[in-house]
Amino acid sequence: MAKAKETVSRTLMVALVLSIAFSVVVSTAAVMLRPVQVTNQNLDIRSNMLAAAGMLEPGASTEEIEEAFSRFDVRLVDLDTGEYVEPSEVGVKDAMKYDMYKAASDPERSSSIPSKEDKAGIKRRPNVGKVYVLEEDGELVRVVVPVHGYGLWSTLYGFVSLEGDANTIEGLGFYDHAETPGLGGEVDNPRWKRQWVGKEVYGDEREEPRIQLVKGGVSSDAADREHKVDALSGATLTSRGVENLVNYWMGDRGFAPYLKKLREGEV
Ligand SMILES: Cc1cc2nc3c(=O)[nH]c(=O)nc-3n(C[C@H](O)[C@H](O)[C@H](O)COP(=O)(O)O)c2cc1C
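If you read the sequence shown in our numbering, its first letter stands for residue 15, the second for the next number, and so on.
Structure, rendered in structure tokens:
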């Protein structure tokens, strides 16, 4: 009778060889797919930014997205001073490579927000933000700024696009959140988003941001309706979150110092 070949050491050896072989396959795939993932993430950010700016046609091809995006200058901004920062100052070769959300979790590159100032519920703020500037013939046409903050269940990430006056909203959109579909998730509803177009962030004195989301809807004769948008029905908490996060990022601790300099032609 043939001697049994199954021994504990053989079984362990087979398991070891197989696990090494599969881990090589998986890590090779991960390394090889990394550039594809990065390209897709970049494309995603670009298309979200363009969507907020109202510059993305439905079904746009990769080339069309790249072409529209290439009209923008990606700039880095010191949020305290509102001045531009060179990419090398934050350790990247080009501004597109800077990740302000990663920076926000690095104590060296961010600061904690005192809770009474933390309208957006984000706890930390990066020192440097990333903006997308579109100029034509030396004139500012639009500037798109990133915004994020807490809703009811999740942090919402998006962009607000402003016209060349760095005050009038041209569009807003969120590309990442986990609010409830049909309730807070209606932040993605194109009809609701359309209301933002033409709203003004600041009053005549360009002081504090004044966006308000109004429960029950904005009446046609409401005072200050240029700053008001209907709250989402059944989603007062998400709506309050959106109001707070927009006002935070348009405020002194967000992009207000930069937008002021931009309006005054100082950057
Ligand atoms: C399952 C479930 C999901 C909900 N999701 C949301 C949400 O995404 N955003 C939100 O503001 N409120 C949500 N709510 C409702 C809130 O608990 C709260 O009732 C609501 O914000 C009040 O808004 P209203 O005053 O407009 O009714 C949800 C409630 C339930 C039961």
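Quick reminder that beta carbons are idealized off the backbone N, C-alpha and C, glycines included. All of these numbers come straight from a predicted model, not from anything done at the bench.
query: Can you grab the Cα-Cα spacing for the pair arginine 138 / proline 128, in whole Å?; result: 9 Å
query: Using a threshold of 7 Å, state whether the C-beta atoms of leucine 148 and phenylalanine 188 are closer than that.; result: no
query: Around ligand 1, what residues have a beta-carbon under 5 Å from a heavy atom of it, in chain order?; result: Leu166, Glu193, Thr194, Leu197, Gly198, Gly248, Ala249, Thr250, Leu251 and Thr252
query: Is the beta carbon of glycine 172 sitting closer than 7 Å to the one on isoleucine 136?; result: no
query: So for isoleucine 3, helix, strand or coil by DSSP?; result: Residue numbering for the chain in the displayed model covers 15 to 281; residue 3 lies beyond these limits and cannot be assessed.
query: Quick check: what's the CA-CA separation for glutamate 280 versus proline 140?; result: 22 Å
query: Got a sec? Which residues, its chain only, sit under 6 Å from methionine 110 by beta carbon, not counting five neighbours each side?; result: Val88
query: My output table needs one value for aspartate 58: the three-state DSSP class, helix, strand or coil.; result: helix
query: Going by alpha carbons, who is nearest to leucine 186 out of Lys242, Leu176 and Tyr112?; result: Leu176
query: Using 8 Å as the cut-off, can you tell me whether the region 219-229 makes contact with the region 256-268, which would need three or more C-beta pairs spanning the two stretches below that distance?; result: yes
query: Under a Cβ-count criterion, where at least 16 other Cβ atoms within 10 Å of its own Cβ denotes burial, should methionine 63 be classed as buried or exposed?; result: buried
query: Quick one: give me the first and last residue of the beta strand (DSSP E) that threonine 13 is part of.; result: Missing from the structure shown is residue 13; the chain here goes from 15 to 281 and no further.
query: Rounded to a whole number of angstroms, what is the C-alpha to C-alpha distance between glycine 212 and glycine 230?; result: 20 Å
query: Sort Lys144, Gln209 and Val158 by Cα distance to methionine 69 and report the nearest one.; result: Val158
query: Around the C-beta of alanine 43, are 16 or more other C-beta atoms found within 10 angstroms, so that it is buried, or is it exposed?; result: exposed
query: Buried or exposed: which applies to glutamate 219, given that a residue is buried once 16 or more other Cβ atoms fall within 10 Å of its Cβ?; result: exposed
query: Would you please state the rounded distance, in angstroms, between the beta carbons of lysine 144 and tyrosine 112? I believe it to be under 8 Å.; result: 6 Å
query: Along the beta strand (DSSP E) that carries glutamate 150, what are the first and last residues, could you check?; result: 142-150
query: If you draw a straight line from the alpha carbon of glutamine 55 to that of aspartate 202, how long is it in whole angstroms?; result: 20 Å
query: Reducing DSSP to helix, strand and coil, say where histidine 162 ends up.; result: strand
query: For lysine 275, which of Glu71, Asp108, Trp167 and Asp92 has the nearest alpha-carbon?; result: Asp92
query: Ignoring anything shorter than 3 residues, give me the beta strand (DSSP E) runs that lie fully in the region 164-250, in order along the chain.; result: 169-177, 183-190, 226-228 and 242-244
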